[in-house]
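Residue numbers (my numbering), protein chains in the order written: chain A, 1 to 230; chain B, 231 to 460; chain C, 461 to 680; chain D, 681 to 900.
Worksheet for the structure shown next.
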Amino acid sequence: MINKTVQHVDEAIRDIHDGATIMFGGFGLCGIPENCIAALQKKGIKNLTCISNNAGVDGFGLGLLLATRQIKKMISSYVGENHEFEKQLLSGELDVELIPQGTLAERIRAGGAGIPAFYTPAGYGTEIANEKEVRVFDGKPHLLEHWLRADFSIVKAWKGDTAGNLIFKGTARNFNPMMATAGNITIAEVEELVPAGELDPNEIHTPGIFVTRIFKGNHYEKRIENLTTL
Amino acid sequence: MINKTVQHVDEAIRDIHDGATIMFGGFGLCGIPENCIAALQKKGIKNLTCISNNAGVDGFGLGLLLATRQIKKMISSYVGENHEFEKQLLSGELDVELIPQGTLAERIRAGGAGIPAFYTPAGYGTEIANEKEVRVFDGKPHLLEHWLRADFSIVKAWKGDTAGNLIFKGTARNFNPMMATAGNITIAEVEELVPAGELDPNEIHTPGIFVTRIFKGNHYEKRIENLTTL
Amino acid sequence: MALDKYGIAKRIAQEVKDGYYVNLGIGIPTLVANYIPSDIQVMLQSENGLLGMGAFPTKDKVDPDMINAGKQTVTTIDGAALFNSAESFAMIRSGKIDLTILGAMEVSEQGDIANWKIPGKMVKGMGGAMDLVASARNIIVAMQHTSKDGQSKLLKTCSLPLTGLHCVKKVFSDLGVFDILPEGGFKLLERAPGVSVEEIIQATEGKLIVEGIIPEMIIH
Amino acid sequence: MALDKYGIAKRIAQEVKDGYYVNLGIGIPTLVANYIPSDIQVMLQSENGLLGMGAFPTKDKVDPDMINAGKQTVTTIDGAALFNSAESFAMIRSGKIDLTILGAMEVSEQGDIANWKIPGKMVKGMGGAMDLVASARNIIVAMQHTSKDGQSKLLKTCSLPLTGLHCVKKVFSDLGVFDILPEGGFKLLERAPGVSVEEIIQATEGKLIVEGIIPEMIIH
Numbered sequence: 001m002i003n004k005t006v007q008h009v010d011e012a013i014r015d016i017h018d019g020a021t022i023m024f025g026g027f028g029l030c031g032i033p034e035n036c037i038a039a040l041q042k043k044g045i046k047n048l049t050c051i052s053n054n055a056g057v058d059g060f061g062l063g064l065l066l067a068t069r070q071i072k073k074m075i076s077s078y079v080g081e082n083h084e085f086e087k088q089l090l091s092g093e094l095d096v097e098l099i100p101q102g103t104l105a106e107r108i109r110a111g112g113a114g115i116p117a118f119y120t121p122a123g124y125g126t127e128i129a130n131e132k133e134v135r136v137f138d139g140k141p142h143l144l145e146h147w148l149r150a151d152f153s154i155v156k157a158w159k160g161d162t163a164g165n166l167i168f169k170g171t172a173r174n175f176n177p178m179m180a181t182a183g184n185i186t187i188a189e190v191e192e193l194v195p196a197g198e199l200d201p202n203e204i205h206t207p208g209i210f211v212t213r214i215f216k217g218n219h220y221e222k223r224i225e226n227l228t229t230l
Numbered sequence: 231m232i233n234k235t236v237q238h239v240d241e242a243i244r245d246i247h248d249g250a251t252i253m254f255g256g257f258g259l260c261g262i263p264e265n266c267i268a269a270l271q272k273k274g275i276k277n278l279t280c281i282s283n284n285a286g287v288d289g290f291g292l293g294l295l296l297a298t299r300q301i302k303k304m305i306s307s308y309v310g311e312n313h314e315f316e317k318q319l320l321s322g323e324l325d326v327e328l329i330p331q332g333t334l335a336e337r338i339r340a341g342g343a344g345i346p347a348f349y350t351p352a353g354y355g356t357e358i359a360n361e362k363e364v365r366v367f368d369g370k371p372h373l374l375e376h377w378l379r380a381d382f383s384i385v386k387a388w389k390g391d392t393a394g395n396l397i398f399k400g401t402a403r404n405f406n407p408m409m410a411t412a413g414n415i416t417i418a419e420v421e422e423l424v425p426a427g428e429l430d431p432n433e434i435h436t437p438g439i440f441v442t443r444i445f446k447g448n449h450y451e452k453r454i455e456n457l458t459t460l
Numbered sequence: 461m462a463l464d465k466y467g468i469a470k471r472i473a474q475e476v477k478d479g480y481y482v483n484l485g486i487g488i489p490t491l492v493a494n495y496i497p498s499d500i501q502v503m504l505q506s507e508n509g510l511l512g513m514g515a516f517p518t519k520d521k522v523d524p525d526m527i528n529a530g531k532q533t534v535t536t537i538d539g540a541a542l543f544n545s546a547e548s549f550a551m552i553r554s555g556k557i558d559l560t561i562l563g564a565m566e567v568s569e570q571g572d573i574a575n576w577k578i579p580g581k582m583v584k585g586m587g588g589a590m591d592l593v594a595s596a597r598n599i600i601v602a603m604q605h606t607s608k609d610g611q612s613k614l615l616k617t618c619s620l621p622l623t624g625l626h627c628v629k630k631v632f633s634d635l636g637v638f639d640i641l642p643e644g645g646f647k648l649l650e651r652a653p654g655v656s657v658e659e660i661i662q663a664t665e666g667k668l669i670v671e672g673i674i675p676e677m678i679i680h
Numbered sequence: 681m682a683l684d685k686y687g688i689a690k691r692i693a694q695e696v697k698d699g700y701y702v703n704l705g706i707g708i709p710t711l712v713a714n715y716i717p718s719d720i721q722v723m724l725q726s727e728n729g730l731l732g733m734g735a736f737p738t739k740d741k742v743d744p745d746m747i748n749a750g751k752q753t754v755t756t757i758d759g760a761a762l763f764n765s766a767e768s769f770a771m772i773r774s775g776k777i778d779l780t781i782l783g784a785m786e787v788s789e790q791g792d793i794a795n796w797k798i799p800g801k802m803v804k805g806m807g808g809a810m811d812l813v814a815s816a817r818n819i820i821v822a823m824q825h826t827s828k829d830g831q832s833k834l835l836k837t838c839s840l841p842l843t844g845l846h847c848v849k850k851v852f853s854d855l856g857v858f859d860i861l862p863e864g865g866f867k868l869l870e871r872a873p874g875v876s877v878e879e880i881i882q883a884t885e886g887k888l889i890v891e892g893i894i895p896e897m898i899i900h
């Protein structure tokens with residue numbers, strides 16, 4: 001079998017460099033690649049452009065890389081849970097590009113599907129449409145949107161196998177599967193890593209062809225943003 | 231729970247009418263909705279436009295509806311296994327539109343995803359590109375392709391639940407999941423129908439929201455086109 | 461007396477019909493889930509990838525891998541399905557959601573909505589709101605009728621940056637219920653208990669249409 | 681002596697490298713799978729929705745729900761994954777397939793390929809061929825060098841309707857192996873055993889480039 005396993009997170013992120021564009025899976029703090037984020041903080045590379053639906057919170061998730069000023073630009077749909085973010089944005093240290101969530105998901109999906117551009121109705125008539133091509137289909141105006149790809153995609157899965165196949169759990173799936181397809185190099189960290197052949201081929205969410213390296217992550221904190229109970 | 235169950239195939243196809251556009255899941259004879267095809271033949275409605283990757287074989291699959299001259303037009307990527315098809319095509323009784331398989335899959339996916347059009351490189355420089363808009367992205371020419379939708383989509387799944395959730399088996403998945411999303415009315419026939427709550431939400435291939443009616447099919451023949459063994 | 465946010469949520473809950481697929485925005489819309497009658501069956505969609513959202517979990521059932529679009533821990537109901545973000549918005553854009561309930565900062569008499577950005581304030585982002593308003597077939601808005609300093613939020617034209625154009629079908633404010641007419645204008649359908657038509661006229665900057673006797677809303 | 685189809689398949693099998701994801705077209709390409717060395721690890725993609733295609737099943741393991749793009753019953757290997765047709769072509773268009781092996785009726789010196797339609801004959805359709813040739817990074821063609829009546833199929837320009845433009849990187853015919861140069865032309869790399877350069881020159885209508893001594897191919 002083709003074996004994509006690496007032993008350590010530092011080996012998985014070895015070639016991520018200053019100025020890289022990186023996609024990070026996750027929605028809020030759910031399904032984020034905790035091990036890789038911590039290792040990137042330790043590694044200290046700078047000037048990153050990060051594509052992620054959110055920007056973490058103070059002290060966790062991408063908030064860790066914001067605290068150390070490693071992020072130059074965020075491409076997200078919602079970034080509101082983070083004081084450090086706000087501070088850096090207001091001071092001009094941080095650049096941010098906001099994209100409607102469905103358009104963000106579809107642009108990443110297009111990047112991984114070899115579709116350079118598509119039309120979507122989202123954002124027509126708003127400032128998001130500025131300088132974008134408008135085209136009417138069936139009487140309804142749509143915007144032309146281009147694919148998103150990245151130098152590296154970093155995703156977090158529940159189970160993975162040595163061939164790179166991934167299964168996500170619950171709503172921790174979110175942006176992870178599309179991002180896995182849209183990175184030039186895709187790094188997957190998983191809670192459970194099994195030999196190829198142990199996962200049911202019918203239950204796989206991300207086929208291994210999209211994954212460059214896979215490793216078993218440790219010590220998942222899985223911090224909860226809004227604990228709500230009955 | 232929302233219950234999409236109907237008891238009989240005739241109830242499932244009750245409103246399919248002369249002249250309807252229908253998507254049929256399946257690749258070759260694998261994963262085709264055998265029960266609905268048989269019932270449509272019995273019902274005898276005519277002038278159908280059928281969107282299906284293939285056109286069945288003589289005496290099985292969509293070949294049944296060809297034999298009774300119920301199909302006016304086929305939209306497919308490959309139609310080569312059928313003498314009746316060839317006869318009707320040459321006599322001018324049958325119209326056929328051939329679409330590259332990946333473009334067909336993506337157009338149907340776009341139909342179910344609210345994306346009216348997208349660009350793909352497939353077919354550039356060939357007769358498929360005739361009268362299509364060409365646009366260059368990153369130096370490579372692409373064709374503008376539009377979504378496909380249908381009055382009815384008929385899909386075949388392995389397991390389904392009363393809420394309409396579907397799980398496919400093996401390569402019988404093929405076009406079924408995209409077609410399920412692209413019908414104004416989507417009819418699913420399944421080998422095994424279980425109460426909502428029995429399928430693991432994490433293993434569902436098609437969420438029930440896309441399915442209008444579901445029923446348990448019977449007597450699956452699952453004819454094999456090319457039996458190849460060691 | 462004007463409704464509080466729970467009252468608005470209760471009234472909106474009556475708009476939810478048996479068999480509906482519903483997407484609830486953050487804020488008052490989320491509260492609506494608490495008031496959906498128990499004799500109807502509804503599937504709640506959460507755009508982060510869940511159809512069939514259930515109640516909040518009991519303490520022993522909390523799963524950090526199971527959250528809603530408001531990042532709150534949730535459960536699933538029987539018949540739920542999980543999917544990725546692209547599939548989630550595929551569902552939304554293709555018009556499969558029967559009812560979308562959103563909060564708003566402003567709504568115009570043309571059905572335009574502004575709910576994501578206030579110039580001069582920190583911009584948090586639009587999340588999925590622009591996708592929802594651009595595609596949903598049936599969008600209703602839960603909102604305060606006026607700002608804290610008494611300015612109307614039901615306007616001729618929105619002053620804030622728009623989230624979407626010509627998309628809101630109905631407004632449920634603390635003062636009343638309004639259809640937005642295809643030709644423009646807020647048509648008053650119901651008054652909040654004890655709120656007079658005159659109060660509503662006073663509080664509405666956009667074109668208000670009042671025809672005949674306006675009933676007081678009934679909240680179960 | 682010119683190679684038979686098994687010889688062509690054997691020679692092409694040497695192009696398959698350890699760790700490759702490979703898509704095999706119908707015909708000679710399918711035969712290549714039989715000759716991939718057992719000491720390398722390869723994942724075969726079948727565009728109907730399978731990555732990790734294995735051998736044909738034994739009689740007792742036949743599953744009608746498990747077929748390849750040629751509609752033959754197949755098995756899966758460890759590490760296989762199943763997916764739908766849209767995801768399958770997503771993989772193909774985004775360039776994740778390392779090697780695509782196709783049959784052809786004609787190839788031009790510019791790398792154009794015609795393999796789906798003969799005017800006047802029943803058209804069966806292009807299947808996935810146009811998507812594959814438009815996107816695959818590394819396309820090689822397995823073909824007969826000449827038609828039954830001796831007409832060259834390695835041409836200046838294709839006479840049949842095209843499947844794709846400027847996409848073929850290498851041709852493996854019954855007579856030899858050819859690079860298609862970026863600037864155009866078939867560069868002869870190897871001769872089939874016992875086939876002379878002169879025979880190849882005779883059989884090739886397109887621009888043929890012969891530099892130095894051309895080795896005879898070695899087939900393991």
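C-beta: ideal position from N, C-alpha, C; glycine also.
Given the structure is predicted, the values throughout are model-derived calculations rather than measurements.
Chain-ordered neighbours of residue i on chain D, where CB pairs are closer than 7 Å
i, result
"Val309 of chain B", "Lys804 and Gly805"
Residues that residue i contacts on chain D, provided the C-beta gap is smaller than 8 Å
i, result
"Ala12 of chain A", "None at all; the shortest Cβ gap to chain D is about 18 Å."
"Asn165 of chain A", "Gly759 and Ala761"
Distance, residue j Cα to residue i Cα
i, j, result
"Thr333 of chain B", "Thr350 of chain B", "7 Å"
"Met897 of chain D", "Glu878 of chain D", "16 Å"
"Asp240 of chain B", "Asp248 of chain B", "15 Å"
"Ile893 of chain D", "Ile692 of chain D", "21 Å"
"Ser548 of chain C", "Ile454 of chain B", "35 Å"
"Ile13 of chain A", "Cys36 of chain A", "7 Å"
"Met806 of chain D", "Asp740 of chain D", "33 Å"
"Ala402 of chain B", "Asp288 of chain B", "20 Å"
"Lys132 of chain A", "Ala594 of chain C", "16 Å"
"Ser656 of chain C", "Ala493 of chain C", "29 Å"
"Leu711 of chain D", "Lys697 of chain D", "16 Å"
"Leu614 of chain C", "Ala110 of chain A", "38 Å"
Short CB-CB distance (under 9 Å) between residue i and chain B
i, result
"Phe118 of chain A", "yes"
"Asp161 of chain A", "no"
"Ile889 of chain D", "no"
"Val742 of chain D", "yes"
"Asn728 of chain D", "yes"
"Gln532 of chain C", "no"
"Asn554 of chain C", "First, the amino acid is wrong: residue 554 of chain C is Ser here, not Asn. Yes, its Cβ sits closer than 9 Å to a Cβ of chain B."
"Val502 of chain C", "yes"
Residue-chain proximity (residue i, chain D), Cβ-Cβ < 9 Å
i, result
"Met1 of chain A", "yes"
"Arg213 of chain A", "no"
"Glu357 of chain B", "yes"
Listed by chain order, chain A residues near residue i by CB distance under 9 Å
i, result
"His372 of chain B", "Ile115, Pro116 and Ala117"
Residue-level contact to chain A via CB, residue i, 9 Å cutoff
i, result
"Phe257 of chain B", "no"
"Ile899 of chain D", "no"
"Pro621 of chain C", "yes"
Listed by chain order, chain A residues near residue i by CB distance under 8 Å
i, result
"Ile488 of chain C", "Here the premise fails: no neighbours, minimum Cβ distance about 16 Å."
Neighbouring residues, chain A, relative to residue i (Cβ below 7 Å)
i, result
"Ile527 of chain C", "Gly28, Cys30 and Thr171"
Determine which residues of the stretch 177-210 of chain A have a Cβ less than 7 Å from any Cβ of chain B, and write them out in chain order.
Listed in chain order, the positions of the stretch 177-210 of chain A with a beta carbon within less than 7 Å of a beta carbon of chain B are Asn202 and Glu203.
With 7 Å as the limit, tell me which residues of the stretch 755-771 of chain D have their beta carbon closer than that to any beta carbon of chain A; keep them in chain order.
Against chain A - using a Cβ distance shorter than 7 Å - the residues of the stretch 755-771 of chain D are Thr756, Asp758, Gly759, Ala760, Ala761, Leu762, Phe763, Ala770 and Met771.
Of the residues that make up the stretch 324-340 of chain B, which ones have a beta carbon closer than 7 Å to any beta carbon in chain C?
So the list is empty, because no residue satisfies the distance condition.
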